[in-house]
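Trainee: Per this note's numbering, the sequence shown starts with residue 1, numbered consecutively. Glycine included, each C-beta is placed from N, C-alpha and C at the ideal position. For clarity, every value in this text was computed on a predicted model and none was experimentally measured. First the structure, which I've put down as C-alpha cells, then a few questions once you've had a look.
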Amino acid sequence: MIKMKYVSIWIIGCLLSVGVKAQQTVKLDLQHTIEIANDSSLSAFRYQNMYLSGYWEFRTYKANRLPSLTLDLTPAKYYRYITQRYDSNEDMDVYREQQMFSAGGGLSIRQNLDWTGGTFYIDSQLDFMRNFGDTKSTQYSSVPIRVGYQQSLLGYNAFRWDRKIEPLKYEKVKKQFIYNTETVSEEAVTYFFALAMAQADYQLAKENVSSSDTLYSIGLQRHKIAAISRADLLTLELDKVNAHNTLENAQIALKRAMFSLASFLNLDKNTTIELSLPGRPAAMEIPVDVALAKAKENNPSFLEQRQNILEAEQNVNKTKVESRFNASLNASVGFNQVADKFGDAYRHPLQQDLVSVSVSIPLVDWGVRKGKYNMAKNNLNVVKIAARQEELSVEEEVIMTVSDFNIQQRLIASAEEALDLAVMAYEQTRQRFIIGKADVNSLTLSLNRQQEAQKNYISALQNYWLNYYKIRKLTLHDFASGFSLSDKFDFNVGMYR
C-alpha cells in the first residue's frame, strides 16, 4: 500500500553532528520503547525505590509481630565516689570513699499481642558487683527465669490498628508501583510519537524539497514557452525556498525529539533511533461499567482513601481513649538469688513475684482532651468527604478515557483511509501539473492535504495508545489479554509477567 511508505520511516545517522564519537543505532517499535522505559529510565528507578521503601516498611511491621530475642550487656562499670555512712563506734555519720566495679547482662524474649495490645515476656538476668575501700565485698545476683505480662487496661491499642492499616498500606504501595509503571508507559508513548511526528515532518520536508526543486525546474521550462505566468514561476520559486527552510527546521526538531527520547530511555545521547510505527490496532471495545469496576477494585487512589479513613478513625479512637482515665497492669513471676559465689547464685532460688496496677486520672485539663477528640471527629468527616470527591474524580476520568478510547479506534481507520486518499490525490495532481493540466494552487493545496493527513494518522495512533495505557493505569487491568496487572505482579522478576 502507498501508506506503508509513510508508516515505516527510517532515520539516517548523518542527521546528527559530524565529529562526535561513533554513534549507536537502535531500532525501536512502540512495545520495545515501553519495555526499555520501564527497565532503564530514571523515572522507573525512582518508582522502584519508592516501592522498596514501602516494602521494607511492611516487612518491619511483620517483624514486629514476631517474637524478639534481645541480649543486653554491661560488660564493665567502674564507679568511684564519696558516700555518707554511719559510724557506730563514733555514733555519727561520716563521709567515706567507696569504689565499685560491676557488670551484668540479660536475655529476654518479647511477644506483642495484637488483640489485647499487651506484651508477653520471658527474661533472665545475672549481675556482678565488687566493692573496694573500707568495706570489701563480692556479690552475684541472678534471676534464672522470669515470666511476665504488661498491658494497658483501658488505653489505646496501637497493635490492633496496625493490623488493619499496615497490610492495606502495603497493598496500596504495590498497586501504586504498578500505577507508576503505567505512567512511565504513558510517558514513553508521548516521547515515541513526538519523535515519530518529527521524523514524519522531516521525511515530508525532504520529499517537499525534492518535489519543489523538480517543479521549479519544470516551471522554468514552461515559462520559457509562456505556458505559465511570471507570477506562477515566482510562486514555484517561493515554494522551493520555503521547502528548504522547512527542511532545516524539521531537522532541528528531529534532533531535539531524538535527544529527548534517548534521554528518557537513559540511552547514550548520541544514539540514533530508528522508529517503526505500529499498524492499525485490533478492534477492542471496553465496556465502561467493567472499567469502573476494575478501577474500584485496583486503583491505588481508592486504597489510599480507605487508608486515610482508617487512620482518621484510629486518631478518633486514640483521642477518645486518652480523654478518659488510664490504667495499666504489669505482672510477673520468677526466681532470684544473691550469693558471694557464682555457683551459689543459682542454688535454691527464691520466688520473685510482681503485680503492679497503675492508674492515671485527669482531673482538670481545661478541655484539652475534649478539644482533641472533637478535632479528630471533625477531621474524620473531612477525610470521608475528600475520599468521596476523589472517588468521583477517578470515576469521571475512567468514563471519559474509555469513551475516548472507543471512539479513537474508529478515528484511526478514518485517518488511515484519508492518508491513502491524500497520497493518491497528490500524486495525480502532481502528474497533472507536470503535463500542464493543473495550476500551482491546486498542487500546493494537494500537498498540504497530504501532509495534514500524515500528521492526523500519527496523531490518531498516539491518542489511541495514550488512552490505552491510561486505561491500564486507572484500572490496573489489561483488557487486551484479560488479566489483572496486580495478579501478575512480581517485583523480583521485573514488574509483572
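Please state if the CB of residue 419 and the CB of residue 468 are separated by a distance shorter than 8 Å.
Mentor: It is not a contact, given that the beta carbons lie outside the stated cut-off.
Trainee: To the nearest angstrom, how far is the alpha carbon of residue 403 from that of residue 286?
Mentor: One C-alpha to the other measures close to 9 Å.
Trainee: Which residues share a DSSP beta bridge with residue 244?
Mentor: Answer is none; residue 244 lacks a bridge partner.
Trainee: Tell me the rounded alpha-carbon separation between residue 147 and residue 123.
Mentor: Taking the straight line joining both Cα atoms gives about 7 Å.
Trainee: Applying the 10 Å Cβ sphere with the 16-neighbour rule, what's the burial state of residue 62?
Mentor: Exposed: under 16 other Cβ atoms inside 10 Å.
Trainee: Within its chain, find whatever has a CB closer than 8 Å to the CB of residue 377; leave out the 5 residues flanking it on each side and keep chain order.
Mentor: Excluding sequence neighbours, residue 377 sits near 316.
Trainee: In this structure, does DSSP put residue 131 in helix, strand or coil?
Mentor: Looking at residue 131 - three-state DSSP - the assignment turns out to be strand.
Trainee: Measuring alpha carbon to alpha carbon, tell me which residue in 139, 29, 159 is nearest residue 66.
Mentor: Closest option to residue 66, Cα to Cα, is 159.
Trainee: Examine the Cβ distances between the region 108–124 and the region 154–168 and report whether three or more of them are shorter than 8 Å.
Mentor: Yes: at least three Cβ pairs fall under 8 Å.
Trainee: Give the DSSP bridge partners of residue 420, in chain order.
Mentor: None, per the DSSP bridge assignment.
Trainee: Rounding to the nearest angstrom, what Cα-Cα distance links residue 166 and residue 408 in this structure?
Mentor: Rounded to whole angstroms, residue 166 to residue 408 spans 41 Å at the Cα level.
Trainee: Use the C-beta contact count for residue 41: other C-beta atoms within 10 angstroms, 16 or more gives buried, fewer gives exposed.
Mentor: Residue 41 comes out buried.
Trainee: How would you write the range of the alpha helix (DSSP H) that residue 75 sits in, first residue to last?
Mentor: Careful: residue 75 lies outside any alpha helix (DSSP H), inside the beta strand (DSSP E) at 68–87.
Trainee: For residue 348, does the three-state DSSP call read helix, strand or coil?
Mentor: DSSP places residue 348 in coil when its eight states are reduced to three.
Trainee: I'd like to know if the region 387–402 and the region 335–347 are in contact, where contact means that at least 3 CB-CB pairs between them fall below 8 Å.
Mentor: Output reads no: the region 335–347 does not touch the region 387–402.
Trainee: Could you pull the start and end residues of the beta strand (DSSP E) that residue 137 belongs to?
Mentor: Start and end: 137–152.
Trainee: Please work out which residues of its chain come closer than 6 Å, Cβ to Cβ, to residue 29, disregarding the five sequence neighbours upstream and downstream, and give them in chain order.
Mentor: Around residue 29: 276.
Trainee: Under 8 Å, do residue 486 and residue 474 count as touching if we go by C-beta distance?
Mentor: Their beta carbons are not under 8 Å apart, which means residue 486 does not touch residue 474 by this criterion.
Trainee: Who are the Cβ neighbours of residue 314 in its own chain at under 6 Å, not counting the five residues just before and after it?
Mentor: Contacts found: 161.
Trainee: Tell me whether residue 184 is buried or exposed, calling it buried when 16 or more other Cβ atoms sit within 10 Å of its Cβ.
Mentor: Label assigned to residue 184: buried.
Trainee: Going straight from the alpha carbon of residue 455 to that of residue 47, what length do you get?
Mentor: Approximately 33 Å, taken between the alpha carbons.
Trainee: DSSP puts residue 92 in a beta bridge; with which residues?
Mentor: Answer is 87.
Trainee: Assuming residue 240 and residue 213 make a contact with CB atoms under 8 Å, what is their CB distance in whole Å?
Mentor: With a Cβ gap of about 6 Å, residue 240 and residue 213 count as contacting.
Trainee: By Cβ distance below 6 Å, which residues in the same chain neighbour residue 77 in space, the five residues on each side in sequence not counted?
Mentor: Around residue 77: 102.
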